[in-house]
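If you're matching positions, the sequence shown starts at 489 in our numbering and goes up one per residue.
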Amino acid sequence: MRPFDPDFDDARPAPRWALTSLEQVPPGGYPGGYVVRRQFTRQVDVFGYPLTLPTPLDVRLLYDPDGRLWMSDVPQERMMMFHNGQASRGHILVGGLGLALYPQYAAPAATEFTIVEASQAVIDIVTPTLGRALARLRRPVPWRVVHTDVAEFLARPRLAQYDTVFLDTWATLDAAQLPMVNRLRDLALDHIAPAGRLLLWGYRWMVGLYEQACAALLSVPPTGRAAWLAAQSPAAQTLLAPVATRFADLPAPDTEALAWCRDHIVRLTEG
Ligand SMILES: C[S@@+](CC[C@H](N)C(=O)[O-])C[C@H]1O[C@@H](n2cnc3c(N)ncnc32)[C@H](O)[C@@H]1O
């Protein structure tokens, strides 16, 4: 198997996600003005669809000092971490720590965690929770958190070869993130052990968004595409301009053009 499969889809329902009992960050105020709130929820949104849970779910929401919601462990997050956790094994390099959901889903087949996290606040707030979660395991799983930027970490000469690298440092699932994510992917591939695996949060979903945008562009009659593009965000214009140029004479999207779009966005790296 290739170390990275762009078609691995973690943005799909996971029927068994709720079976993992999670250690959660305790609610309350934290140094620096960070706040964790507890909320019981039954009506949730999962990959664009409403879902009613059989019983209220205790979720935690981390707010930054400006009162903005930063992270949460809502069902969609848990399902995505579940899929990535299920695909993980061995010595696992993680970027970043977040609310420490992923390591809990990955723990059954993990032998060691190295977690790279850029935010000292997240490290201070979340490592006690991670420590409690991993201490519950029947066998010891060594772990350490490295306080640094994951791109810098991956750009350094490798210290180890990891059986799994899981990266999830981008805040949103937006196709415009893909050139940056692809740069991290290319750096990370150098750190993968033979037969190891690289997993990137929401990758297939983001590629799908790009494919949809390409289809929308090519559905516009060729003479109207410049105006259509001009109405998009600057990031979308940059990403879609090569599609408009390459398929300027194509009257409507076809399989070949959409396959080209997919390959293009999977190859495109920033810088
Ligand atoms: C969405 S959260 C990760 C959620 C995590 N997978 C979990 O299971 O809870 C993103 C995390 O990456 C961290 N982060 C963002 N940019 C980073 C960077 N360049 N290097 C390292 N960590 C970063 C954030 O501080 C945050 O803790």
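Backbone N, C-alpha and C define an ideal beta-carbon position, used for all residues, glycine too.
What separation, rounded to the nearest whole angstrom, lies between the Cα atoms of residue i and residue j?
i, j, result
"P722", "T615", "38 angstroms"
"A714", "V695", "23 angstroms"
"V653", "L687", "6 angstroms"
"A745", "E758", "23 angstroms"
"D552", "L717", "35 angstroms"
"I753", "V638", "22 angstroms"
"C749", "A719", "20 angstroms"
"L549", "Q527", "8 angstroms"
"G520", "R624", "29 angstroms"
"L622", "N572", "17 angstroms"
"G712", "R734", "15 angstroms"
"D612", "L728", "41 angstroms"
Let me check understanding here. Comparing Cα to Cα, which of the options lies closest to residue i?
i, options, result
"A506", "P515, F492 and L545", "L545"
"Q564", "A659, A499 and D674", "A499"
"G555", "V524, V547 and L539", "V524"
"R626", "A606, A597, F492 and L677", "A597"
"F570", "A595, G517 and W558", "A595"
"A588", "E605, P491, T543 and P519", "E605"
"L756", "P709, G712, Y698 and A740", "Y698"
"P494", "V731, T711 and Y691", "Y691"
"T602", "A663, G584, I613 and D612", "G584"
"V610", "Q592, P628, T636 and V629", "T636"
Given that a residue counts as buried once 16 or more other Cβ atoms are within 10 Å of its Cβ, and exposed if not, what is residue i?
i, result
"T617", "buried"
"F458", "The structure shown does not extend to residue 458, since the chain is modelled only from 489 through 759, so no value can be given for it."
"Q665", "buried"
"T543", "exposed"
"T529", "exposed"
"Y590", "buried"
What residues are listed by DSSP as bridge partners for residue i?
i, result
"I680", "Y650"
"Y522", "Y518"
"S560", "L549"
"P645", "Paired residues: none, contrary to the question."
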